[in-house]
Structure formats: structure tokens, C-alpha cells
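A.B. asks:
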Amino acid sequence: MDHPARELAFSFLILLLVCISCQAKTITWCAVSDAEEQKCQDLAGNIVAKNIRGKLQCTRGFNAVDCMEKIKNGTADAASMDADDVYTAGWCHGLELAAGESYNGEDGVSYYVVALARRSSSDLSLLEMHERSSCHPGIRTTVGWTVPIGFLVNTSQISVDEQCNFPRVVGEFFGYSCVPGVKDPAHDPKGKNPKNLCEACIGDDNDRHICANNPRERHFGEAGALRCVAENLGDVAFVKHTTVFDNMQGEYRLS
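Residues -24 to -1, 1 to 231 in mature numbering (1 follows the signal peptide of the UniProt record, and there is no 0) are what the sequence shown spells out, letter by letter.
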């Protein structure tokens, strides 16, 4: 599959056009995987071969947060990140987005994030969700995590400490919830993420894989978050605006 490679190369070219061609300097790219590091090294070699002004060098980060720290302390200049990492980089590390990519060749918003609740929850609003039960498609997803948690921060409903421990403050804000993957070692290496963020999860038919960050958790994904509310295990679900229509013919219609 060479499409991701082409997109990464395109991302590099944007960086090079902006940062290298205008001035002879060295740009350090922080990579978080062997594949990304190899692509960086290949491109650095092509820059030399094509006699492009400036130089690209590659450094390795343990993860996206490590790359953020390297950029902040000046040992790296740029890195490729997903939406959740971009938000964290800006809010917690004071970094700025330099360029973005469009994978479908179109600009503009392709979907909206909505908070979905039952009609009976007439007292629920976007500014009145404290201690309510929430259903999320998954940890660190744009729809189920980055956008709604960013909204809570921007409306001063939650505040994040210097360590940017989003799961902790989200767990303190909501009641029992389902955030698939929040207790996975990759997202909770110290095992300290709040347990209540998994209490509305149900796992598979055999009560296994509870809060798993995959379809074995029946409340995983947008359809799963919808199911979480429909089954009265959550008060609000964060999903795309198309999720309800995509599930209108299913057994999880809300009333």
C-alpha cells in the first residue's frame, strides 16, 4: 500500500517548500515509527540528490507526545500528527499547526459532531452534562473524544492540569460512561485512568472484552455509542450527524 507513503511525501514537500526552499537551514522531522523514519531518510536523500537548498534530518520520538516535547525544546521542528495529537500539541505544548492534508481532494467540513440524547432527557444540554453518563465511540477519536472534550475545555466546564491528563478530568466530570480503549495500556500505561469511564461498557455476548477498543465491545464505534444511549446505559452519545440516519432501520432507534 503506497498511498500513505505518497501522502507522507506530500506532507514533507509542503514542509520543505515552506521551510527549506526559502532559506538554507536544517529542518528536523520527528518520526514515531520505523516506516515513517525510513520515508524521512529517503526524502532527505532525495533533497541532497536534487540539490535543493537546505537540509532535512530525521530524529526518532517514542510517541507523538515525545515529538511534541522535542519540538517544544528545539530538538525537532515538525512531526505528522492526527487530530487528537494536534489538539494536545496546541493546548498542552503551545505548538501550532503548519499544514494539513486532504485525502479526498475536497476542502470543508464533511461531517459535524453532535451530542445525541433521548427525548426523555429534556433537562440535558451541552452546558448541563456534569455527572451525566456519556457514550463515546472510542478514546482519542475525533468524533468521540477530541471534539467533545475540546468543547468542554473551551466552555470552561473542565480544566486540564499541567500534565494534560484529559482522562482524569473527564472521569471527574461525567458519571459512569463508556470510552472504549481508555484503560488500554497504550492509553493508560500507569493504569490510573478512571474506572467509571468503562462502567457503561458491556463487552461481548460473553461479558468479555469490556471497554475494549475494538468491535468486541458492543458499545464501540458510533453505532455502539448510539446503542449505549438507546439501551439506557448512557444519557448522551457523541457521534457524527449522520449516525442516527445510518441506523434508522436498526433496532436502536431512539424515542
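Beta carbons: idealized from backbone N, C-alpha and C, even for Gly. Quantities reported herein were computed from a predicted structural model and do not represent experimental measurements.
Within the continuous beta strand (DSSP E) that includes Arg116, where are the two ends?
C.D. replies: Unbroken run through Arg116: none, as it is neither H nor E.
A.B. asks: For Ala162, name the three-state secondary structure that DSSP assigns.
C.D. replies: Reduced to three states, the DSSP call for Ala162 is coil.
A.B. asks: So if DSSP puts Thr218 in a beta bridge, which residue, or which two residues, is it bridged to?
C.D. replies: DSSP output for Thr218 lists no bridge partner at all.
A.B. asks: Please name the residue or residues paired with Ile23 in a DSSP beta bridge.
C.D. replies: Ile23 pairs with nothing; no bridge assigned.
A.B. asks: Can you give me the start and stop residues for the alpha helix (DSSP H) that Leu202 sits inside?
C.D. replies: 197 to 206 is the span of the alpha helix (DSSP H), which, as asked, contains Leu202.
A.B. asks: Taking the C-alpha atoms as reference points, what is the distance between Ser231 and Arg95?
C.D. replies: At Ser231 the pLDDT is 43, less than 50, meaning the model places this residue with poor confidence and gives no usable figure here.
A.B. asks: Measuring only the C-alpha atoms, how far is Gly50 from Cys43?
C.D. replies: About 10 Å.
A.B. asks: Check Thr4 in the structure and name its three-state DSSP category.
C.D. replies: Note: Thr4 maps to strand in three-state DSSP.
A.B. asks: Within a Cβ cutoff of 8 Å, which residues of the same chain sit near Ile186, ignoring the five residues on either side of it in sequence?
C.D. replies: Cys174, Cys177, Ile178, Gly179, Glu193.
A.B. asks: Are the CB atoms of Val62 and Val89 nearer to each other than 8 Å?
C.D. replies: Going by C-beta atoms, Val62 is not nearer than 8 Å to Val89.
A.B. asks: Tell whether a beta-carbon distance below 8 Å holds between Val8 and Leu92.
C.D. replies: Not closer than 8 Å, so no.
A.B. asks: Between Val129 and chain D, is the shortest Cβ-Cβ distance under 8 Å, so that the two count as touching?
C.D. replies: This model lacks chain D altogether; it includes just one protein chain.
A.B. asks: Using only CA atoms, which one of Ser97, Pro143, Phe149 lies nearest to Lys168?
C.D. replies: Of the listed residues, the one whose Cα sits closest to Lys168 is Pro143.
A.B. asks: Between the Cα of Ala213 and the Cα atoms of Ser98, Asn190, Ser109, Asp58, which residue gives the shortest distance?
C.D. replies: Ranking the options by Cα distance to Ala213, first place goes to Ser109.
A.B. asks: For the beta strand (DSSP E) containing Ala74, list its first residue and its last residue.
C.D. replies: Element bounds for Ala74: n/a, residue is neither H nor E.
A.B. asks: Note down the Cα distance separating Ala20 from Leu71, rounded to an integer number of angstroms.
C.D. replies: Each residue's Cα considered, the two are about 24 Å apart.
A.B. asks: Quick check: does the Cβ of Cys154 come within less than 7 Å of any heavy atom belonging to the ligand MG?
C.D. replies: Summarising the ligand content, the structure contains no ligands, and the ligand MG is consequently not present.
A.B. asks: Could you pull the DSSP bridge partners for Ala54 from this structure?
C.D. replies: Trp5.
A.B. asks: Distance check for Asp211 and Met224, CA to CA, integer angstroms please.
C.D. replies: Distance between the alpha carbons of Met224 and Asp211: 19 Å.
A.B. asks: Counting Cβ pairs, one atom from each stretch, are 3 or more of them under 8 Å apart for the segment 8 to 18 and the segment 31 to 40?
C.D. replies: Yes: the two stretches touch, three or more of their Cβ pairs being nearer than 8 Å.
A.B. asks: According to DSSP, what are the bridge partners of Lys31?
C.D. replies: In DSSP, Lys31 forms a bridge with Thr2.
A.B. asks: Which residues in the same chain as Gly147 place their Cβ atom closer than 6 Å to its Cβ, once the five residues preceding and following it in sequence are excluded?
C.D. replies: Answer for Gly147: Pro170, Asn172, Leu173, listed in chain order.
A.B. asks: Do Phe149 and residue 239 count as a contact pair if the criterion is CB distance below 8 Å?
C.D. replies: Within the shown structure, residues of the chain are numbered from -24 to 231, placing residue 239 beyond reach of any answer.
A.B. asks: Can you say whether Ser153 is buried or exposed, counting buried as having 16 or more other CB atoms within 10 angstroms of its CB?
C.D. replies: Flag for Ser153 reads buried.
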